[in-house]
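Each remark here refers to the structure printed beneath this line.
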Amino acid sequence: DAGITQSPRHKVTETGTPVTLRCHQTENHRYMYWYRQDPGHGLRLIHYSYGVKDTDKGEVSDGYSVSRSKTEDFLLTLESATSSQTSVYFCAIRPDRAYEQYFGPGTRLTVT
Amino acid sequence: SQQGEEDPQALSIQEGENATMNCSYKTSINNLQWYRQNSGRGLVHLILIRSNEREKHSGRLRVTLDTSKKSSSLLITASRAADTASYFCATQKGSGQGAQKLVFGQGTRLTINP
């Protein structure tokens, strides 16, 4: 998966608890993205980063925050998980001089 | 809101037949990309077509783009069982930091029957 890993791969958590998902890349790419995938909605962008400490909101950013303190790591945090955040979360990276994105294997999150 | 709308939502064909999937979008774009997703896996980039291109080939894949109709099609020729997957179109538009985003369609689920 193009030098990109996600952890954990599966997580079950309770409503109201904080959750952090990690995306790690070995490619040294500047651009990193977090998406969620839900049936009937395709992939929707949550947040993205264009460098260390440089992030911006995507289409569905409410309830999520991100941090990028190192080039290789992009963290997605659900401050207080809700059942509507049950989803599969994908991280992606993009080389600077290209348009295509490379995806990680995904994290399946269930909020009970 | 989704930029791309894909049609059909599901397609089932016999091995060896050709599969055609369509994508429509709403606003001007810089490029359009197609991705494949096997069950339980991440998306894999297949092909990119720029707004000034009309057709592009890659192996058994043929992509067309009609900017006047704001639509694209993906043709997979001589389908194989391994082509069974979901296929997504994604559009990239604009300039600056906003241009670094892709907007994905809802996907077409393709099943190749042996």
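Chains as they are written, first to last, in this note's numbering: chain A, 1 to 112; chain B, 1001 to 1114. Beta carbons are placed, not taken as given, at the ideal position from N, Cα and C, and that holds for glycine. Here the structure is a predicted model, which means the values were calculated and not measured.
Restricting attention to B:W1034, B:D1007, B:A1010, the CA atom closest to the CA of T1091 (chain B) is found in B:W1034. Against L1048 (chain B), the close residues of chain A are A98, Y99, E100, in the order they occur along the chain (beta-carbon pairs closer than 9 Å).
It is roughly 42 Å from the alpha-carbon of N28 (chain A) to the alpha-carbon of Q1014 (chain B). Shortest Cα-Cα distance from F74 (chain A) to any of A:E59, A:K53, A:S83, A:S87 involves A:K53. Using a CB distance cut-off of 8 Å, H10 (chain A) does not count as an interface residue toward chain B. Of the residues A:I93, A:T13, A:P105, the one whose Cα lies closest to the Cα of H47 (chain A) is A:I93. E1006 (chain B) and K1026 (chain B) have their alpha carbons spaced roughly 12 Å apart. Shown here for T55 (chain A): same chain residues with a beta carbon closer than 8 Å to its own, the five before and five after excluded, namely H47, Y48, S49, V66, S67, R68 in chain order. In terms of beta-carbon proximity, G3 (chain A) stays away from the interface with chain B, with every pair separated by 8 Å or more. Per DSSP, the unbroken beta strand (DSSP E) holding E1005 (chain B) starts and ends at 1004 to 1007. According to the DSSP secondary-structure assignment, Y31 (chain A) is paired through a beta bridge with A:R94. Taking each of A:T71, A:S84, A:V111 in turn and checking the Cα distance to V60 (chain A), the smallest one comes out for A:S84. Around the CB of S1072 (chain B), 16 or more other CB atoms lie within 10 Å, so the residue is classed as buried.
Judged by DSSP in its simplified three-state form, D62 (chain A) adopts coil rather than helix or strand. Residue-level contact check: R1041 (chain B) touches chain A, since one or more beta carbons of chain A fall below 8 Å from its beta carbon.
Look at the region 1021 to 1047 of chain B and you find these whole runs of beta strand (DSSP E), each 3 residues long or longer: 1031 to 1037. With fewer than 16 other Cβ atoms from the protein chains shown falling within 10 Å of its own Cβ, T17 (chain A) counts as exposed.
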